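Q:
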Amino acid sequence: MNIKREFERSLPDSLILTEEEKRKIRTRINGESIVQIRYKPILVSVLSLLLLFIILAPALSMDRLITGSPIPLTATKKQQYYEQYLQIVEKAMEQKIGISIEVAPKESFKETDWVTPREYNNMIQAHVDSFLQEEKKVLASLPIEHAVMKSEGMASKKNIFILATW
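Counting in the numbering used here, the sequence shown runs without a single skipped number right up to 373 at its last residue.
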């Protein structure tokens with residue numbers, strides 16, 4: 208049984224097909240199919256990878272290798288970091304009079320002690336904030352005493368000194 212002959216017999220005589228239509232019919236009958244590329248899965252995969260990269264890019268530190276070990280800093284980079292550390296400490300000391308913060312000498316820094324200035328700033332700021340919170344708690348716990356007028360017209364009150372150590 209030949210499908211092609213059966214198909215030709217089933218066509219009415221008055222039906223006239225163009226060569227293009229005949230070619231399409233032949234390809235369908237013979238089972239030849241045009242390879243269709245599925246673009247949707249490829250597009251979804253590419254967009255997923257792009258989205259994943261965009262989300263993870265800020266989390267990846269450019270100062271670290273894939274292994275997670277820090278990239279060795281050059282002497283000039285260490286000097287720049289150290290100068291920025293000094294500026295950060297100066298700004299922190301301006302926030303509260305009497306607070307004493309010092310940066311260790313550059314020679315005493317180990318290779319693992321070097322952090323980015325942003326991380327160092329966050330660390331120092333957290334230290335200053337905790338100091339200020341502690342100071343507020345101490346001051347809030349002290350009783351408030353008003354000045355007392357003496358008969359000579361002089362005012363007196365107790366002097367309270369708070370020694371804070373860092």
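Glycine included, C-beta positions come from ideal geometry on N, C-alpha and C.
Note that the coordinates shown come from a computational prediction; the quantities given were computed from them, not determined experimentally.
(1) In this structure, how does DSSP classify N237 when only helix, strand and coil are distinguished?
(2) Tell me whether E326 sits in a helix, a strand or coil according to DSSP, three-state version.
(3) Determine the direct distance from the alpha carbon of A282 to that of S337, and round the result to whole angstroms.
(4) What residue range does the alpha helix (DSSP H) around V253 cover?
(5) Give the range of the alpha helix (DSSP H) segment to which F214 is assigned.
(6) What's the call for Y246, buried or exposed, on a 16-neighbour Cβ count within 10 Å?
(7) Which residue from G305, I331, K285 and L263 puts its Cα closest to that of P312?
(8) Is it the case that the segment 313-325 contacts the segment 289-301, given that we only count it when at least three CB pairs across the two stretches are under 8 Å?
(9) Exposed or buried, K211, counting other C-beta atoms within 10 Å across all chains shown (16 or more means buried)?
A: So, to answer that:
(1) Position 30 of the sequence shown, counted from the first residue, corresponds to residue 237. Correct three-state label for N237: helix.
(2) Locating residue 326 in the sequence shown gives position 119, where the first residue counts as 1. Correct three-state label for E326: helix.
(3) Reading the sequence shown from its first residue, position 130 is the one you call residue 337. Reading the sequence shown from its first residue, position 75 is the one you call residue 282. Rounded to the nearest angstrom, the gap between the Cα atoms of S337 and A282 is 33 Å.
(4) Looking up residue 253 in the sequence shown gives position 46. Annotation: the continuous alpha helix (DSSP H) that includes V253 extends over Y246 to L263.
(5) Translated into the one-based positions of the sequence shown, residue 214 becomes position 7. Under the DSSP assignment, F214 falls in the alpha helix (DSSP H) whose first and last residues are I210 to S217.
(6) If you number the sequence shown from 1, residue 246 lands on position 39. Y246 counts as exposed, since fewer than 16 other beta carbons sit within 10 angstroms of its beta carbon.
(7) Along the sequence shown, one-based indexing puts residue 312 at 105. Taking only the C-alpha atoms, the option nearest P312 is K285.
(8) A contact exists between the segment 289-301 and the segment 313-325.
(9) Position 4 of the sequence shown, counted from the first residue, corresponds to residue 211. It is exposed - the Cβ of K211 has fewer than 16 other Cβ atoms within 10 Å.
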